[in-house]
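J.: First residue of the sequence shown? That's 4 in my numbering, and the numbers climb one at a time after it. We put the beta carbon where it would ideally sit given N, CA and C, even for glycine. Sharing a structure with you now.
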Amino acid sequence: MVSKKGFQLLLTLLLIFYLDLCSSASKQRSRRGINLSSTHSLISDTRLPGDFIPLNYTLDIRPNLVDSSFTGKVRIIVQCNTTSDRITLHAHHELQIERSDIKLNRISDEDDSNEDDSAEVKIRRASHTPKKPIFVIYLVDTVKNGTILNLEIGFSGMIWDGAEGLFKGTYEDNDRTETTYLATMFKPNNARRLFPCFDEPSFKVPFEVSISRPKDYHTLFNTDAFSTEPLDGEPNMVVDHFNLIPGISTFSLGFLISKLILVRDEFLPEGEEQKIKIYAQEGNEKYFVNLYEKIHIIQKDLEAFWGAEYSICDIKIVALPKMNTVKPIDNWGLIIFKETELMQASYFTLAQEMVYQWIGHSATPKWWNDAHITRAVAGFLAATIAQKYSEEFDEKWPMTVLYSLYYEFSKRYPHSRITAMKQESICSKTEMFLRMTNYTLGFDTLKKAFQNFYEDRRCRTFTSEDIWNAMTIQAHRDQVLDKALTVNDIADSWISKDRLPVVTIDRNYDKREAKVSQKLYLRERPHDVPEQDKMLWYIPLVIVTEDNLDFTDTTPRHWMKKTREAMLKNLPEASKFIIVNPEEIGPFPVNYDVTNWNLLAKFLQTEAGRTSVPVFTKAKLLHDAWNLAYGGYLSFATAFNMTLFMRDEKDHLVWNPVFTMIDHIGRHIDSSAVHNKFENYVRILLTPEYERLGSVDQPGEEHWKENLRSLSKTFLCRAGYRPCIERAQEAFAEWRSASDPDADTPVDNQYICPVFKWGTQEEWEFGLERVINYPTDRTRSGRTYLLKNLAGCPVQAEKIERLLNITILEYNENFTDNDISLIIRMLSGGSSGYTNLFNFLSKNFDYIKLRFQSNTDLWDNLISTSTGVFTTQEGYDMVSALYVKRQGEFGSAEHIIEKSLKNIKEEAKWSDENLPVIEKWLDDYLKTANTSADKFMG
Numbered sequence: 004m005v006s007k008k009g010f011q012l013l014l015t016l017l018l019i020f021y022l023d024l025c026s027s028a029s030k031q032r033s034r035r036g037i038n039l040s041s042t043h044s045l046i047s048d049t050r051l052p053g054d055f056i057p058l059n060y061t062l063d064i065r066p067n068l069v070d071s072s073f074t075g076k077v078r079i080i081v082q083c084n085t086t087s088d089r090i091t092l093h094a095h096h097e098l099q100i101e102r103s104d105i106k107l108n109r110i111s112d113e114d115d116s117n118e119d120d121s122a123e124v125k126i127r128r129a130s131h132t133p134k135k136p137i138f139v140i141y142l143v144d145t146v147k148n149g150t151i152l153n154l155e156i157g158f159s160g161m162i163w164d165g166a167e168g169l170f171k172g173t174y175e176d177n178d179r180t181e182t183t184y185l186a187t188m189f190k191p192n193n194a195r196r197l198f199p200c201f202d203e204p205s206f207k208v209p210f211e212v213s214i215s216r217p218k219d220y221h222t223l224f225n226t227d228a229f230s231t232e233p234l235d236g237e238p239n240m241v242v243d244h245f246n247l248i249p250g251i252s253t254f255s256l257g258f259l260i261s262k263l264i265l266v267r268d269e270f271l272p273e274g275e276e277q278k279i280k281i282y283a284q285e286g287n288e289k290y291f292v293n294l295y296e297k298i299h300i301i302q303k304d305l306e307a308f309w310g311a312e313y314s315i316c317d318i319k320i321v322a323l324p325k326m327n328t329v330k331p332i333d334n335w336g337l338i339i340f341k342e343t344e345l346m347q348a349s350y351f352t353l354a355q356e357m358v359y360q361w362i363g364h365s366a367t368p369k370w371w372n373d374a375h376i377t378r379a380v381a382g383f384l385a386a387t388i389a390q391k392y393s394e395e396f397d398e399k400w401p402m403t404v405l406y407s408l409y410y411e412f413s414k415r416y417p418h419s420r421i422t423a424m425k426q427e428s429i430c431s432k433t434e435m436f437l438r439m440t441n442y443t444l445g446f447d448t449l450k451k452a453f454q455n456f457y458e459d460r461r462c463r464t465f466t467s468e469d470i471w472n473a474m475t476i477q478a479h480r481d482q483v484l485d486k487a488l489t490v491n492d493i494a495d496s497w498i499s500k501d502r503l504p505v506v507t508i509d510r511n512y513d514k515r516e517a518k519v520s521q522k523l524y525l526r527e528r529p530h531d532v533p534e535q536d537k538m539l540w541y542i543p544l545v546i547v548t549e550d551n552l553d554f555t556d557t558t559p560r561h562w563m564k565k566t567r568e569a570m571l572k573n574l575p576e577a578s579k580f581i582i583v584n585p586e587e588i589g590p591f592p593v594n595y596d597v598t599n600w601n602l603l604a605k606f607l608q609t610e611a612g613r614t615s616v617p618v619f620t621k622a623k624l625l626h627d628a629w630n631l632a633y634g635g636y637l638s639f640a641t642a643f644n645m646t647l648f649m650r651d652e653k654d655h656l657v658w659n660p661v662f663t664m665i666d667h668i669g670r671h672i673d674s675s676a677v678h679n680k681f682e683n684y685v686r687i688l689l690t691p692e693y694e695r696l697g698s699v700d701q702p703g704e705e706h707w708k709e710n711l712r713s714l715s716k717t718f719l720c721r722a723g724y725r726p727c728i729e730r731a732q733e734a735f736a737e738w739r740s741a742s743d744p745d746a747d748t749p750v751d752n753q754y755i756c757p758v759f760k761w762g763t764q765e766e767w768e769f770g771l772e773r774v775i776n777y778p779t780d781r782t783r784s785g786r787t788y789l790l791k792n793l794a795g796c797p798v799q800a801e802k803i804e805r806l807l808n809i810t811i812l813e814y815n816e817n818f819t820d821n822d823i824s825l826i827i828r829m830l831s832g833g834s835s836g837y838t839n840l841f842n843f844l845s846k847n848f849d850y851i852k853l854r855f856q857s858n859t860d861l862w863d864n865l866i867s868t869s870t871g872v873f874t875t876q877e878g879y880d881m882v883s884a885l886y887v888k889r890q891g892e893f894g895s896a897e898h899i900i901e902k903s904l905k906n907i908k909e910e911a912k913w914s915d916e917n918l919p920v921i922e923k924w925l926d927d928y929l930k931t932a933n934t935s936a937d938k939f940m941g
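This is how it looks when you write it as C-alpha cells:
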C-alpha cells in the first residue's frame with residue numbers, strides 16, 4: 004500500500020514531469036533575445052525575486068454582482084528555487100488578505116527521511132509592500148531549495164468599473180432592460196487585481212478554476228464547465244467547475260459572466276461538433292451568423308501556417324454590448340469584442356485576435372520586452388489573410404504603417420519620449436521587418452520557420468531570439484540566405500534602434516555600375532543627431548531594371564552587411580532606369596542620381612510605364628522623391644517632375660501620398676509668394692481626377708472612391724477651387740436662413756472650412772455666433788469642430804484678430820481655457836494664423852501675460868505657437884525683435900522662444916535654398932500646363 008506521503012510525492016513528480024513538457028519557466032530564466040528593455044519600457048512592473056515558482060493553481064472565485072465585490076481562495080503549489088525564508092508574489096494593494104486566511108504546508112522535501120513533510124510551515128507575518136503590487140509571506144524558518152509547498156490564501160476585493168482585473172458593466176437589452184455583466188481583463192499584468200499570484204508571463208502552469216454565478220446567468224471561461232452545483236446557503240446561486248487548463252500564463256486566464264446566448268453556426272457540416280462559438284445578446288443573432296464563414300476561413304489559413312490544428316477544445320468569440328475597452332480582450336480560448344466592432348469585424352480584425360491563440364497564449368513571450376513580436380506576427384498574418392480574401396486593406400497596409408514609421412523615425416527626437424508611441428512604433432517596425440523577410444527569404448521559408456518554432460515552443464515561453472534562430476536555420480537550409488548572415492543580426496539592426504536608413508544610388512553610366520551608400524534618414528532639420536555615423540543596417544538590395552521589369556523576383560542581388568558603401572555591377576545601359584527596393588520591400592527610402600530620377604519620371608508618363616510598374620512601387624517612388632526633397636537630399640525640381648504622371652494616374656493608392664505632400668509643402672511655404680503658384684499647381688493636379696470621380700458619392704461604390712473623392716474635394720476647396728467654394732456658400736446660405744440655426748448644423752463638414760477661409764466676414768461671424776449660442780443639449784463635438792475651423796481656416800487678419808479679441812482680451816465667458824488652447828493650436832496650421840497670433844501677442848504682451856500668469860501651460864503653448872512656426876528670415880527677425888525687447892519677461896516660456904529662434908534659423912535656411920527652386924519649376928510648369936483650370940481659381 005502506498006503511504007499518504009508517497010502518494011503526494013507521486014502526484015508531485017507527475018506534475019513536475021508534465022510541467023517539464025509544457026513550461027519553460029524554470030529552465031529559461033537566463034535566456035534573452037534582442038534586448039529592448041533599455042529603450043522600450045513596454046510594461047512597467049516589479050519583477051519577482053524567483054526564490055519560489057508556481058507549479059499549479061486551484062482557484063475559487065465568488066463574485067457578488069449586487070455590491071460589486073468578490074471573495075475567493077487560491078491554492079498554489081510552489082517550489083523553492085533557492086533556500087529562502089519568504090514567499091514573494093503579486094497582489095494589488097486593494098486586494099484584501101488577512102494573515103489568518105493564509106495556510107502553508109510542506110508537500111515534499113529533498114530529504115526523503117523527513118516524515119513530517121506534510122507538516123504546517125509556520126508563518127512569521129505577511130503584508131503588502133508599500134507602493135508596489137507585491138505581497139510577502141515571511142516564514143519562521145528557511146525552506147530548502149527543491150522543497151514543494153502547498154500555499155492557500157483567502158482574499159476579497161471590489162469589482163472595478165474600469166476594464167482592469169475583474170470589472171463590471173451594463174447594457175440595455177432589446178427589451179430596454181438594464182443587464183449587468185462581469186468580465187476580466189488580465190492582460191498585461193492585472194490578474195493580481197483578482198487573486199494573489201505569480202503574475203509574470205514566464206510562469207505557464209495548469210489552472211483548476213471554479214466560479215460562482217446567479218442561476219439566470221452563465222459563465223464563459225477558457226475551458227468548458229464539467230459540473231455545476233448549488234452554492235451552499237445561496238438558493239439563487241450556483242458554482243461552475245471548469246476543465247483543467249493545461250498550462251498558461253496568468254494574463255491568459257479570463258471569464259465573462261453574462262446573459263449572452265450562443266449563435267448557432269449555420270456553416271458547419273451536419274453532425275460536426277461546433278468548436279468555434281459566437282455569443283451575443285438575444286435578438287441580435289442575425290448580425291453574427293455570417294461571421295462564422297470568415298472565422299472558418301481564417302482558422303484554416305492559420306492552421307496551415309502554423310502546421311498545427313487549433314489546440315483548444317473550442318474557442319468562444321463574444322459580442323459584448325457597451326464594453327469599455329480600446330481593444331478586444333484576448334484570453335486563451337476566449338475573445339471578447341465590443342458588440343459594435345464584432346458586427347463590423349473584418350478579416351483583419353478577426354485574424355489578428357485569433358493569431359494570439361498560437362503565439363501569445365500557447366507560445367508565450369518570456370517577458371514583456373518581447374511582447375512586441377506577438378503583435379507584429381499577428382499584424383503581419385492578419386494583413387496577409389485580409390489581402391488574400393478581401394479588399395478591405397487597400398488603404399491601410401503596408402503603406403500607412405510604413406509612412407508613419409518614416410515620419411516618426413526621421414524626426415530629430417522620435418516619439419517626443421512618449422512611451423505609448425514607442426510601443427506602437429516597435430510593433431509596426433517589427434511587422435514591417437517580417438514583411439521584408441517574407442519577400443527576401445520567401446513565404447515558404449518563413450512559414451516552415453514558424454512551424455518549427457511553434458513545434459518547439461508550443462505550451463512554453465520564448466524570446467525573439469527563438470524566432471530569429473528558427474528563421475536563420477530554415478533560410479540556410481533552403482539556401483535563401485548567405486551562410487555568413489543570421490536573421491538575428493539582421494533583425495537587431497532594424498529593431499533595436501528608433502531610426503531608419505536612406506539608401507542612395509549613384510550610377511556610373513559608362514561603367515554600368517553604381518555606388519550604393521546608406522546613412523541615417525532625417526527629414527527634420529538640422530541633421531545633427533548624435534552618433535548618426537555609427538548607425539548601420541543590414542540592407543537587402545532588390546533591384547528591378549527597365550530592360551527586365553520583373554517585380555516578382557524579390558531575391559536580393561546584394562546584402563549590405565552593416566557597411567557604409569557597396570557596389571552594384573552589371574547594370575543596364577545608360578538609357579535605362581533601375582528601381583531599388585520596389586514595393587517597399589524594406590522600410591527605407593531610396594534616392595537616385597538626377598539622371599535615374601528623370602528616366603523614371605519620363606517612363607511613368609507613358610501608358611506602358613503606368614501599367615507595367617505596380618501600384619506600391621509607383622507610390623513609393625512618388626513618396627520617396629517628395630520626402631527626400633523635403634529633407635534636403637534631392638532637388639524639389641526633380642520631386643515635382645515625379646508628379647507629372649499623376650495627370651493620368653487613376654489608382655487611389657498612388658494618390659494617397661500626394662495629399663500628404665500637398666499638406667506638408669503647402670504649410671511650409673504658405674508664408675511666401677510662391678504659395679499662390681503652388682495652389683494653382685494643386686488645382687491643375689487634382690481637378691482632372693476629381694472630375695473623373697464625380698462630385699457625388701454613388702450607391703454601392705467602393706470605399707476607396709468615396710475616400711479619394713473626399714480628399715480631392717477637401718484639398719481643392721483649400722486651394723480655392725471655385726465650384727467647391729460656391730457649393731459651400733450655397734449650403735451655408737441655407738443654414739443662415741434656417742428658422743433655428745442652432746438646432747442643427749446642416750452643412751457637410753468639408754464645406755465649413757472653405758466658407759470660413761474664402762467667404763465673407765458676415766459668414767464667419769455667423770459661425771462665431773453658432774459657437775457662442777451652441778445648445779448645451781447637443782453633442783459638444785459639433786461645437787469643437789466649428790471652433791477648430793473658425794480659428795484654423797481663415798487667412799484674413801480681421802477674422803483672426805476678432806476671435807483673439809473676444810476670447811482673450813474681452814474674456815468672453817462662453818470660451819474656456821481649453822477653448823483658447825484649441826484656438827492657439829489651430830492657428831499654428833497656417834502662416835496667417837501664427838503671424839496674426841504673433842502680432843496680437845506683441846501688441847498686448849503685458850495684458851496677456853497678466854491673464855495667463857497662473858496658467859503656465861496655456862502661456863507656454865501661446866509662446867510656442869506664436870514664435871515657433873515661422874520659416875523665413877523675415878519671421879526670424881520679427882521673433883528676434885520681440886525676444887530682445889521682452890528678454891527676461893517670458894517666465895516659464897523663456898527657453899521656448901530661445902528654441903524657436905534656433906528652429907526658425909534652420910527653416911529660414913531651408914526656405915532660402917528651396918523656395919527659388921520651387922518657384923522656378925512652378926513658373927515653367929504653369930506656362931505650359933493646361934490653363935483651362937483657371938476657371939476654377941478662387
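Tell me the rounded alpha-carbon separation between S413 and M435.
T.: S413 and M435: Cα-Cα distance of roughly 16 Å.
J.: By alpha-carbon positions, which one of A473, N239 and L571 ends up nearest to T507?
T.: For T507, the nearest C-alpha among the options comes from L571.
J.: From this set, I260, S431 and P585, which residue's C-alpha is nearest Y410's C-alpha?
T.: When each option's Cα is compared against that of Y410, the closest is S431.
J.: Could you give the C-beta distance for V872 and Y837, rounded to a whole number, given that I count them as a contact under 8 Å?
T.: V872 to Y837, Cβ: 5 Å. Contact.
J.: Answer yes or no: do L904 and V882 have a C-beta to C-beta separation smaller than 8 Å?
T.: In contact: L904 and V882 (Cβ atoms closer than 8 Å).
J.: Could you check if H678 is buried or exposed, using at least 16 other CB atoms within 10 Å of its CB as the buried criterion?
T.: Buried, because 16 or more other Cβ atoms sit within 10 Å of the Cβ of H678.
J.: Out of curiosity, what's the CA-to-CA distance linking L861 and L345?
T.: Taking the straight line joining both Cα atoms gives about 41 Å.
J.: Assuming contact is defined by CB atoms lying nearer than 8 Å, are I251 and W335 in contact in what I supplied?
T.: Cβ distance < 8 Å, so I251 and W335 count as in contact.
J.: Just grab the DSSP bridge partners of I668 for me.
T.: For I668, which the question treats as bridged, DSSP gives no partner whatsoever.
J.: I believe A381 touches Q355 by the beta-carbon criterion, under 8 Å. Please report the beta-carbon distance rounded to the nearest angstrom.
T.: So it is a contact: roughly 5 Å between Cβ atoms.
J.: Taking the alpha-carbon of S499 as reference, which of S520, Q426 and F841 has the nearest alpha-carbon?
T.: Checked all of S520, Q426 and F841; the closest Cα to S499 is Q426.
J.: Give the straight-line distance between the Cα atoms of L688 and F681, rounded to the nearest whole angstrom.
T.: Distance between the alpha carbons of L688 and F681: 10 Å.
J.: Taking all protein chains shown into account, do 16 or more other C-beta atoms lie within 10 angstroms of the C-beta of T352, making it buried, or fewer, making it exposed?
T.: The residue is buried, with at least 16 neighbouring Cβ atoms inside 10 Å.
J.: Per DSSP, which one or two residues make a beta bridge with V583?
T.: Answer is I546, bridged to V583.
J.: So within the stretch 387-445, which uninterrupted alpha helix (DSSP H) runs reach at least 4 residues, ignoring any that extend past its ends?
T.: Fully enclosed alpha helix (DSSP H) runs of 4 or longer: 402-412 and 422-444.
J.: Do K518 and E549 count as a contact pair if the criterion is CB distance below 8 Å?
T.: Contact: no.
J.: Since L656 and M357 are thought to touch, with beta carbons under 8 Å apart, how far apart are those beta carbons, to the nearest angstrom?
T.: The Cβ separation is near 27 Å, so there is no contact.
J.: Work out the CA separation of T367 and I37 for me, nearest whole Å.
T.: Here I37 scores only 41 on pLDDT, less than 50, and its place in the model is too uncertain to base an answer on.
J.: Which parts of the stretch 680-746 are runs of the beta strand (DSSP E), unbroken and 3 residues or longer, counting only runs that do not cross its ends?
T.: Runs of the beta strand (DSSP E) inside the stretch 680-746: none found.
J.: With burial defined as no fewer than 16 other Cβ atoms inside 10 Å of the residue's Cβ, what is the status of L247: buried or exposed?
T.: Exposed: under 16 other Cβ atoms inside 10 Å.
J.: In this structure, does DSSP put W361 in helix, strand or coil?
T.: W361 falls in the coil class under three-state DSSP.
J.: Looking only at its own chain, which residues have a Cβ that is under 8 Å from the Cβ of K486, when we skip the five neighbours before and after it?
T.: Cβ neighbours of K486 beyond the five flanking positions: H479.
J.: Who are the Cβ neighbours of F843 in its own chain at under 7 Å, not counting the five residues just before and after it?
T.: Answer for F843: E804 and L807, listed in chain order.
J.: In or out: R463 buried (at least 16 other Cβ within 10 Å) or exposed?
T.: Under this definition R463 is a buried residue.
J.: Would you mind reading off the limits of the alpha helix (DSSP H) that contains Q764?
T.: Residues Q764 to I775.
J.: For a test of the three-state rule: what should DSSP assign to K923, helix, strand or coil?
T.: Looking at K923 - three-state DSSP - the assignment turns out to be helix.
J.: So what does DSSP say about F245, is it helix, strand or coil?
T.: Of the three classes helix, strand and coil, the one that applies to F245 here is strand, per DSSP.
J.: Rank Y524, G310 and T328 by C-alpha distance to the C-alpha of D447 and give the top, closest one.
T.: Taking only the C-alpha atoms, the option nearest D447 is G310.
J.: With respect to 7 Å, is the separation between the Cβ of L259 and the closest non-hydrogen atom of the ligand NAD below this value?
T.: For the ligand NAD, the structure offers nothing, since it holds no ligand at all.
J.: Using 8 Å for Cβ pairs, my map puts V77 next to L58. What's the rounded Cβ distance?
T.: The Cβ separation is near 13 Å, so there is no contact.
J.: Does the Cβ-Cβ distance between R730 and Y693 come in under 8 Å?
T.: No. Outside cutoff.
J.: Report, in whole angstroms, the separation of the C-beta atoms of P66 and L169, which I expect to be a contact under 8 Å.
T.: Yes, P66 and L169 are in contact; Cβ-Cβ is about 7 Å, under 8 Å.
J.: Using a Cβ-Cβ cutoff of less than 7 Å, which residues in the same chain neighbour V616 once the five nearest sequence positions on both sides are dropped?
T.: Once the five neighbours on either side are set aside, the close Cβ partners of V616 are L607.
J.: Tell me where the beta strand (DSSP E) around E232 begins and ends.
T.: Run containing E232: A228 to L234, per the beta strand (DSSP E) assignment.
J.: Checking 8 Å against the spacing of the C-beta atoms, do L719 and K708 come in under that value?
T.: No.
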